[in-house]
Amino acid sequence: MNDYELLRIIDFIERSRAFFGRSIHGVDPDADWLIVSYLIRAHLKGERVGISDLIRASDLPYGTANRRIQRMISEGMVTKESTEGSKRFDLAPTEALRRQFQSFSQQIKVLIAQTLGMRSDADRADDYFFGDPRAKIAEMLPPPMLRGNHATEAIGPNLRFLFHDDNYFASLRNLWTDIRASAGKGADFAMAPLPHLYETLVRNAAREVSEFDVVTANIPWVPELISKEFVTPVEEFEALTDLRSFHPALWDCASWDGRQAGVPLYVTVEALAARTDLFEAAKLPFPRTPSDVLSAARRLHDPKRGLGGVAWNGARGTPIASAFMFFLGDHHGTVVSPLAETGNVSATAREGLRWRAMLESSEAKDALGFMRELLEVSPSDVLTFDGDRTMYEFMSGKTAMAYVWSMRAARFEFDLSSRVRGRVKYLPHPNVRGMRQSVPVGGFILAIPSNLPRDRAALAAQAVSWMTSFGSRISHLQNGLPLVPEFSVGSDVEFDATSPIVSFVKKQARDNLLDTSMRPAIPVYHWIEEILGEEIHDALSGHTDDATALERANSRIQTFLDRME
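Residues 20 to 584 in this note's numbering are what the sequence shown spells out, letter by letter.
1. A376 and A211: beta carbons closer than 9 Å?
2. Rounded to whole angstroms, what is the Cα-Cα separation between F343 and L551?
3. Tell me the rounded alpha-carbon separation between G325 and T418.
4. Using a threshold of 9 Å, state whether the C-beta atoms of N85 and R430 are closer than that.
5. Measuring alpha carbon to alpha carbon, tell me which residue in R107, E230 and D49 is nearest R87.
6. Once you ignore the five residues that flank D474 on each side, which residues in its own chain have a CB closer than 8 Å to its CB?
7. When DSSP labels each residue in this structure, what does E395 get in the three-state scheme?
8. So W374 is in the alpha helix (DSSP H); what residue range does that whole segment cover?
9. How do the stretch 445-454 and the stretch 214-226 stand: do at least 3 beta-carbon pairs fall below 8 Å, yes or no?
10. Taking only three categories from DSSP, how would you classify F346?
11. I'd like the span of the beta strand (DSSP E) that includes A290, first residue to last.
12. Which same chain residues, not among the five before or five after I339, have their C-beta less than 8 Å away from its C-beta?
13. List the residues that DSSP assigns as beta-bridge partners of S356.
14. Would you list the one or two residues that DSSP bridges to W275?
15. CA-CA distance, R427 and I43?
16. Using beta-carbon positions only, say whether A316 and S399 come within less than 9 Å of one another.
17. Measuring straight from C-alpha to C-alpha, what distance separates I32 and T409?
18. Who are the Cβ neighbours of G453 in its own chain at under 7 Å, not counting the five residues just before and after it?
19. If you follow the alpha helix (DSSP H) that L244 is part of, which residue opens it and which one closes it?
20. Which whole runs of the beta strand (DSSP E) in the stretch 422-469 are 3 residues long or more, in chain order?
21. Do the CB positions of A290 and Y411 come within less than 9 Å of each other?
22. Residue range of the alpha helix (DSSP H) that M414 falls in?
23. Starting from the C-beta of P112, find all residues in its chain whose C-beta is less than 8 Å away, skip the five residues before and the five after it, and write them out in chain order.
24. With a cut-off of 8 Å on the beta carbons, I'd call W275 and P283 a contact; round off their distance for me.
25. Measure the alpha-carbon distance for R118 versus Q125 and round it to whole angstroms.
26. Would you mind stating whether S457 and L347 have Cβ atoms separated by less than 9 Å?
27. Compute the Euclidean distance between the alpha carbons of I245 and L465, then round it to the nearest angstrom.
28. The alpha helix (DSSP H) that contains H215, what's its start and end?
29. What are the complete alpha helix (DSSP H) segments, minimum 4 residues, inside the stretch 45-70?
30. Just to confirm the assignment, what range does the alpha helix (DSSP H) spanning N237 have?
31. Between the alpha carbons of G441 and T295, how many angstroms are there, rounded?
32. Could you round the C-beta distance between M420 and A300 to whole angstroms and report it? I think they count as a contact, below 8 Å.
33. Please report how far the alpha carbon of I467 lies from the alpha carbon of W546, in whole angstroms.
34. Quick one: using the 10 Å Cβ neighbour count with 16 as the cut-off for buried, is T353 buried or exposed?
35. Check each candidate in T337, V355, S380 and L394 and name the one with the smallest Cα separation from D407.
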């Protein structure tokens, strides 16, 4: 059960209790409920609670309320948290109380499902989602032919999905498993972070029959999926032939060697997020070059106040590999280059080319040098940061800037616990020339495994068609799915077309500043990423020097490039 489900449970109980208070005259409020629910709600929203706040919430006389709260503190239900630099202290629910309230809420969730009588799996609270009761879910649901009949456990389609473990895909899962929908259950969805997602795709491709009907793949993996025939090309499915709603550049992200691996579900860009209030207070211009980033970060970096200059993805593996490739692009370098005199090589015609690793170039050395300087103005443990950690660090107000994917950046505006809401400026990646600043593009496609039986594949194609259709995307957009994915399958917040992150991405697209070239679209991309994730991290963590790291990475990558010939 996530935070938004808990908030909905609290709201549901409070609304139902209000009927009792209005209908039965002379009854006293339940002070324990008022105190506990106020504390839990504030904790979920990241709000501070003083003892006077809690006394007012209890609806009891001051002295009685104070004694009740002190008793709850002594019984280990409420804890006192000191406020830095102040004699004031805040009150918060203890871990034990949070755990007990979670258990209570799950029981309420099960009771509601049983009362509605729509699901045979009502006793298994994790198999379905408690959506916003005020949302119009009917217009967001998949067609009846794609839904499993979980109300009677009759044999239905029972589609199985392999999704990336992020807020957008969590929202899609929640939509299918909403308590009112009976469209699916949690067990139908496998959620995996990037490294595990790749490994699961490879293992699934080796099976005689696919475990999944629909799989998700990271856009850089498209060439490998096609070259190794892990997926069935889109062209073989009539249900996926209507491409009119896709921008050609977006569609090409899922293409390689003239074949379409899948259908793009969403595209995200990496931006530099900057705190407007901190930049204005320091009278700093927003960065346009890597040097500007370092200068601003040095001015704002203040570890004694708990503020880092900039957060970025420095964890070993995929995070630091992607960061290096993007910073290399900012320095106008590239990881690999085709040997043939082909000019611009399109994503659809790369088969048969010979490639050369380019990591001993001056641009590669400058990019790694930039990352080394970033360490001085970043949180001390930045070399452990993945995308989620970077997002949380900035969202909680602990850094002045952050390199962050736009899909995660949506949470700066809509997450209940965000401390930077309304104070973020989104910038394209600063580059060494300070001109034509672009943003790296990432995202995911939906694909159909090649080892799926024909009848299942046809049904899977219908599911992919629905999830990526223009009408479905518009409905999800209006109901908050792309912007506040994990938290909503309905209208937790009203979609605002003027949201800063939406406006930023639209402007970058309109100005043709979406860059798909910073990560090489070739079948050995996974190995390039793995090698960079090791060598670059070794250099920045002090296990080797920069020159040795780049030389080793260049040699190891060239070995894989030579195998492609």
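Where is the CB? At the ideal position from N, CA and C, for every residue including glycine.
With the structure as the only source:
1. Walking along the sequence shown from the start, residue 376 turns up at place 357. Walking along the sequence shown from the start, residue 211 turns up at place 192. The answer is no: Cβ separation not under 9 Å.
2. For this step, residue 343 is matched to residue 324 along the sequence shown. For this step, residue 551 is matched to residue 532 along the sequence shown. Between the alpha carbons of F343 and L551 lies a distance of about 8 Å.
3. By 1-based counting over the sequence shown, the position of residue 325 is 306. By 1-based counting over the sequence shown, the position of residue 418 is 399. Straight across, the Cα-Cα distance linking G325 with T418 is about 8 Å.
4. On the sequence shown, position 66 is the one that residue 85 refers to. On the sequence shown, position 411 is the one that residue 430 refers to. Not in contact: N85 and R430 (Cβ atoms no closer than 9 Å).
5. Within the sequence shown, numbered from 1, the residue matching residue 87 stands at position 68. Measuring C-alpha to C-alpha distances from R87 to each of R107, E230 and D49 identifies D49 as the nearest.
6. The sequence position of residue 474 within the sequence shown is 455, counting from 1. Cβ-Cβ distances below 8 Å link D474 to nothing in the same chain once the five nearest sequence neighbours on each side are left out.
7. Mapped onto the sequence shown, residue 395 falls at position 376. Residue state, collapsed to three classes: coil.
8. By one-based count along the sequence shown, residue 374 stands at place 355. According to the DSSP assignment, W374 belongs to no alpha helix (DSSP H) but to the beta strand (DSSP E) extending over W374 to A376.
9. No contact exists between the stretch 445-454 and the stretch 214-226.
10. Working through the sequence shown from its first residue, we reach residue 346 at position 327. Of the three classes helix, strand and coil, the one that applies to F346 here is helix, per DSSP.
11. Translated into positions along the sequence shown, residue 290 becomes position 271. Its beta strand (DSSP E) spans residues V282 to R294.
12. Numbered from its first residue, the sequence shown carries residue 339 at position 320. N332, G333, L402, L551, G552, I555, H556 and L559.
13. Locating residue 356 in the sequence shown gives position 337, where the first residue counts as 1. DSSP, once it has assigned bridges, lists R375 as partnering S356.
14. Position 256 of the sequence shown, counted from the first residue, corresponds to residue 275. W275 pairs with R278.
15. Locating residue 427 in the sequence shown gives position 408, where the first residue counts as 1. Locating residue 43 in the sequence shown gives position 24, where the first residue counts as 1. Looking at the two C-alpha atoms, the distance is approximately 47 Å.
16. The residue you call residue 316 lines up with position 297 of the sequence shown. The residue you call residue 399 lines up with position 380 of the sequence shown. For A316 and S399, no; Cβs fall outside 9 Å.
17. The residue given as residue 32 occupies position 13 in the sequence shown. The residue given as residue 409 occupies position 390 in the sequence shown. If you draw a straight line from the Cα of I32 to the Cα of T409, it comes to about 35 Å.
18. Counting from one through the sequence shown, the residue named residue 453 turns up at place 434. Short of 7 Å from the beta carbon of G453, and not among the five residues preceding or following it, lie these beta carbons of its own chain, in chain order: R307 and T308.
19. Translated into the one-based positions of the sequence shown, residue 244 becomes position 225. Looking at the DSSP string, the run of the alpha helix (DSSP H) that includes L244 is V241 to S246.
20. If we require 3 residues or more, the beta strand (DSSP E) runs fully inside the stretch 422-469 come out as 443-446 and 458-466.
21. Locating residue 290 in the sequence shown gives position 271, where the first residue counts as 1. Locating residue 411 in the sequence shown gives position 392, where the first residue counts as 1. No. Outside cutoff.
22. By 1-based counting over the sequence shown, the position of residue 414 is 395. It spans G406 to M414 - the alpha helix (DSSP H) in which M414 sits, taken as one unbroken run.
23. Stepping through the sequence shown from its first residue, residue 112 is reached at position 93. Annotation for P112: V55, L58, I59, H62, M96, V97, T98 and F120 place their beta carbon closer than 8 Å to its own, counting only its chain and skipping 5 residues before and after.
24. Mapped onto the sequence shown, residue 275 falls at position 256. Mapped onto the sequence shown, residue 283 falls at position 264. Not quite, the Cβ-Cβ distance comes to about 13 Å (not below 8 Å), so this is no contact.
25. Reading the sequence shown from its first residue, position 99 is the one you call residue 118. Reading the sequence shown from its first residue, position 106 is the one you call residue 125. Answer to the nearest angstrom: the Cα atoms are 11 Å apart.
26. Walking along the sequence shown from the start, residue 457 turns up at place 438. Walking along the sequence shown from the start, residue 347 turns up at place 328. No.
27. Here residue 245 refers to the residue found at position 226 when the sequence shown is read from its first residue. Here residue 465 refers to the residue found at position 446 when the sequence shown is read from its first residue. Taking the CA atoms as reference points, I245 sits about 13 Å from L465.
28. Position 196 of the sequence shown holds residue 215. First-last of the alpha helix (DSSP H) with H215: L213 to A225.
29. Under the rule that a run must span 4 or more residues, the alpha helix (DSSP H) segments found entirely inside the stretch 45-70 read 50-64.
30. Numbered from 1 along the sequence shown, position 218 holds the residue referred to as residue 237. N237 -> not in any alpha helix (DSSP H); beta strand (DSSP E) instead, spanning V233 to N237.
31. Your numbering for residue 441 matches position 422 in the sequence shown. Your numbering for residue 295 matches position 276 in the sequence shown. If you draw a straight line from the Cα of G441 to the Cα of T295, it comes to about 9 Å.
32. The sequence position of residue 420 within the sequence shown is 401, counting from 1. The sequence position of residue 300 within the sequence shown is 281, counting from 1. About 14 Å; that fails the 8 Å criterion.
33. Within the sequence shown, residue 467 is the residue found at index 448, counting from 1. Within the sequence shown, residue 546 is the residue found at index 527, counting from 1. Approximately 23 Å between the Cα atoms of the pair.
34. The count along the sequence shown starts at 1 and reaches residue 353 at position 334. With 16 or more other Cβ atoms within 10 Å, it is buried.
35. For the purposes of this step, residue 407 is taken as the residue at position 388 of the sequence shown. Nearest C-alpha to D407: T337.
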